[in-house]
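Visitor: Before I ask anything, let me first share the structure, which is written out below as C-alpha cells.
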Amino acid sequence: RLAGSEEFIESLTHDAFIIQIPALREECKTELEQLLSLFDQRRAMPNDEHILEVDETAYPEKYRPLVRLLHRAVSNEEIRDVMDVEDEILRDFENLERHIDRQDGIIEKQGKTIEEQGKALGEKDKALEEQGKALEELRGQLQRLRAPK
Numbered sequence: 015r016l017a018g019s020e021e022f023i024e025s026l027t028h029d030a031f032i033i034q035i036p037a038l039r040e041e042c043k044t045e046l047e048q049l050l051s052l053f054d055q056r057r058a059m060p061n062d063e064h065i066l067e068v069d070e071t072a073y074p075e076k077y078r079p080l081v082r083l084l085h086r087a088v089s090n091e092e093i094r095d096v097m098d099v100e101d102e103i104l105r106d107f108e109n110l111e112r113h114i115d116r117q118d119g120i121i122e123k124q125g126k127t128i129e130e131q132g133k134a135l136g137e138k139d140k141a142l143e144e145q146g147k148a149l150e151e152l153r154g155q156l157q158r159l160r161a162p163k
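As C-alpha cells, this is what we get:
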C-alpha cells in the first residue's frame with residue numbers, strides 16, 4: 015500500500031499495478047529488478063525509442079518467452095503504428111500542457127497587475143478624500159475670514 019498520495023499514480027486513467035521496489039523483501043527485489051531491467055530505457059535504439067536493445071541470452075531462461083514476445087510486438091507493424099499514434103497523442107498533450115502553463119502564467123501576471131492597480135486606485139481614493147477634507151477646512155477658514163467682524 016502507498017503511504018500517501020502520489021500525483022503521477024493519481025493521474026492514471028487506467029487500472030495499473032504499481033510495484034514499490036524499496037518495499038519488497040530483499041530476495042524478491044533482485045529477481046524483480048532483473049525482470050524490470052528488460053525495460054531499461056537506456057537501451058533504447060538511437061533511431062527508434064520504441065525498440066530496446068535486449069540480449070535474450072543475458073536473461074534467465076524463464077524470462078526468454080517475455081523477451082521473445084516483446085521482440086514480436088515491435089516487429090508487428092500494427093502494434094508499431096499504435097505506438098506511433100500514442101507518441102503523437104503524448105506530444106499533443108505535452109504541447110497542450112505547455113500552452114496551459116503559459117496561459118496560467120499570463121493569468122497570474124494579469125491578476126497581480128489588477129491587484130496592484132486596485133491598490134493604486136485605493137491610494138488615489140484616499141488621497142482624494144484627504145484633499146477633500148483639506149479643501150473643506152480651507153473653505154471653513156475662508157468663510158471665517160470673510161465673516162463680518
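By the count of our numbering, the sequence shown reaches residue 163 at its end, each step adding exactly one. Beta carbons: idealized from backbone N, C-alpha and C, even for Gly. Quick caveat, the model's predicted, so the values are computed rather than measured.
Taking one C-beta from the stretch 43-57 and one from the stretch 18-27 each time, how about it: are there three or more such pairs within less than 8 Å?
Guide: The stretch 43-57 is not in contact with the stretch 18-27.
Visitor: Could you work out which residue in Ile114, Leu46, Leu26 and Thr27 is closest to Gln34 when comparing CA atoms only?
Guide: Cα-wise, what sits closest to Gln34 is Leu46.
Visitor: DSSP state of Glu20, grouped into three classes?
Guide: Three-state DSSP puts Glu20 in coil, outside helix and strand.
Visitor: What is the rounded straight-line gap between the Cα of Gly119 and the Cα of Gln131?
Guide: Cα to Cα, the separation comes out at about 18 Å.
Visitor: Would you identify the three-state DSSP class for Ile66, choosing helix, strand or coil?
Guide: Sequence check: residue 66 is Leu here, not Ile. Strand at Leu66.
Visitor: Hey, out of Arg94, Arg153, Leu142 and Ala72, whose CA is closest to Ile65's CA?
Guide: Closest option to Ile65, Cα to Cα, is Arg94.
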